[in-house]
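Residue numbers for the sequence shown follow the numbering used here, beginning at 511 and rising by one.
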Amino acid sequence: MPFVQIHLRAGRSEAWLQKLSRAIHQSMIEEINVPEDDYFQVIRQYENNEFFYDPSYLQVERTDELIYIHFTLKQSRTTEQKRALYRSIASRIHSELGVRKEDVFIMLAGNQDEDWSFGNGRAQMIE
511 MPFVQIHLRA
521 GRSEAWLQKL
531 SRAIHQSMIE
541 EINVPEDDYF
551 QVIRQYENNE
561 FFYDPSYLQV
571 ERTDELIYIH
581 FTLKQSRTTE
591 QKRALYRSIA
601 SRIHSELGVR
611 KEDVFIMLAG
621 NQDEDWSFGN
631 GRAQMIE
């Protein structure tokens, strides 16, 4: 059960944002075996005065097209699965939306089954 938060500068069309969302989800399906219907994402757009980054941290040249993608997911993925996910997302966003791979910034935060409630105030993953 990944929960994905996507952060970027404002100004993209609804169709572009939908395509971005689906591209990320397709990579999750292919690389970390997420079920097709396990689809929970939010997209947040920011004005220029609300979105900051270093343009060359770790020798990666970033532009104002930068997209932050933050995953919260169970800690069950291997390092190789995570690396494959990073590569797949960057490549897919580049090929489908024209965003430079350097402008795809991905973060994973792991947690446990008991850290999720899918509604009704219950912890369905441990019941």
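We treat Cβ as the ideally placed atom computed from N, Cα and C, and that holds for glycine.
Distance from the CA of Leu568 to the CA of Tyr578, rounded to the nearest whole angstrom, comes to 16 Å.
Under the three-state reduction of DSSP, Gln555 is assigned to strand. Under the Cβ criterion (8 Å, minimum of three pairs), the region 594-606 does not count as touching the region 559-566. Distance check between Gln536 and each of Glu524, Val514, Gly629, Glu571 places Val514 closest, using alpha-carbon atoms only. In the DSSP assignment, Phe562 forms no beta bridge with any residue.
The three-state reading of DSSP puts Leu576 in coil, since its state is none of H, G, I, E or B. For Arg532, the three-state secondary structure derived from DSSP is helix. Going by DSSP, Ile516 is part of the beta strand (DSSP E) stretching over 513-519. Burial is judged here by how many other beta carbons sit within 10 angstroms of a residue's own beta carbon; Met538 has at least 16 and is buried. The beta carbon of Leu583 sits closer than 6 Å to the beta carbons of Pro512 from its chain, once the five residues preceding and following it are set aside; these are given in chain order. Counting the other CB atoms within 10 Å of its CB gives Ser598 a total of 16 or more, which places it among the buried residues. Residue range 614-621 is occupied by the beta strand (DSSP E) that includes Ala619. For the options Ile553, Thr589, Val570, Glu540, the alpha carbon positioned closest to that of His580 is the one of Ile553.
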